[in-house]
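Count the sequence shown with our numbering and you get residues 10 to 177, in order.
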Amino acid sequence: VEIPPSDPVLLQPEEIPLTIIYEDDKLLVVDKPAGLTVHPAPGHPNHTLVNAVLERVPELAGSGDLRPGIVHRLDKDASGLMVVAKHRPAQLNLIAQFKNRAVVKAYLVLVSGSLTPEDGTIEAPIGRDPRHRKRMAVVSEGEGREARTNYHVLRHIGDDTLLEVRPE
10 VEIPPSDPVL LQPEEIPLTI IYEDDKLLVV DKPAGLTVHP APGHPNHTLV NAVLERVPEL
70 AGSGDLRPGI VHRLDKDASG LMVVAKHRPA QLNLIAQFKN RAVVKAYLVL VSGSLTPEDG
130 TIEAPIGRDP RHRKRMAVVS EGEGREARTN YHVLRHIGDD TLLEVRPE
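Structure follows, in structure tokens:
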């Protein structure tokens, strides 16, 4: 079997509206809407946050990186703040801060059902969902990466619960 080489991904700037929460000479903090893919991937070669960032920070285009400026993940269907580096030294510094857990991440999550206790920690391995390969899920021991997430119930809303969660 001969597998043909894949087409190279050419990142192009695109005029996609961004809500900038903070900006200086080193970084941007962008309010990423749900539905926007962060970086090009199979099935999403363009119309991503990276394409929008390249329009705003064109000097990132020459890096040869498929994720220029990106220092952390946020799923396509999630909304939230993304920190984006405006140059390579800032990107490396921010990546190190995330890796060393110097950055505290917190999420608001609405879950179905009434969760008790009010505070707790979920410890379970996370990996690809065997039924839905594009999703992550709790998997069997040894099949995923160790994960620990602390949660606090903010309020109960009918049959649902609003949580603040902080992954460690």
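Ideal Cβ placement from N, Cα and C applies to all residues, glycine included.
(request) Kindly confirm or deny that the stretch 88–102 and the stretch 142–150 touch, where touching means at least three C-beta pairs closer than 8 Å. (result) no
(request) Measure the C-alpha to C-alpha separation of E155 and A133 and round it to an integer number of angstroms. (result) 6 Å
(request) Reducing DSSP to helix, strand and coil, say where E207 ends up. (result) Here the chain has residues from 10 to 177 only, and residue 207 is not among them.
(request) Report yes or no: do three or more beta-carbon pairs, one from the stretch 114–134 and one from the stretch 155–175, lie closer than 8 Å? (result) yes
(message) By the three-class DSSP mapping on this structure, what secondary structure does P98 have?
(response) helix
(message) Once DSSP output is grouped into helix, strand and coil, what is the label at V39?
(response) strand
(request) Mind checking which residues open and close the beta strand (DSSP E) that includes I30? (result) 29–32
(request) Look up D128 in the DSSP assignment and give the residues it is bridged to. (result) H161
(request) Check whether the Cβ atoms of R76 and V59 sit closer than 8 Å, and answer yes or no. (result) yes
(request) Say yes only if the C-beta of V112 is nearer than 7 Å to one or more non-hydrogen atoms of the ligand ATP, and no if none qualify. (result) The ligand ATP is not among the ligands present in this structure, which contains no ligands whatsoever.
(message) For K114 and G167, what's the separation of their Cα atoms in angstroms?
(response) 27 Å
(message) Check for me: the beta strand (DSSP E) holding L172 runs from which residue to which?
(response) 169–176
(request) Keeping to the same chain, check which residues put their C-beta closer than 8 Å to that of L119; ignore five residues upstream and five downstream. (result) I166, D169, T170, L171, L172
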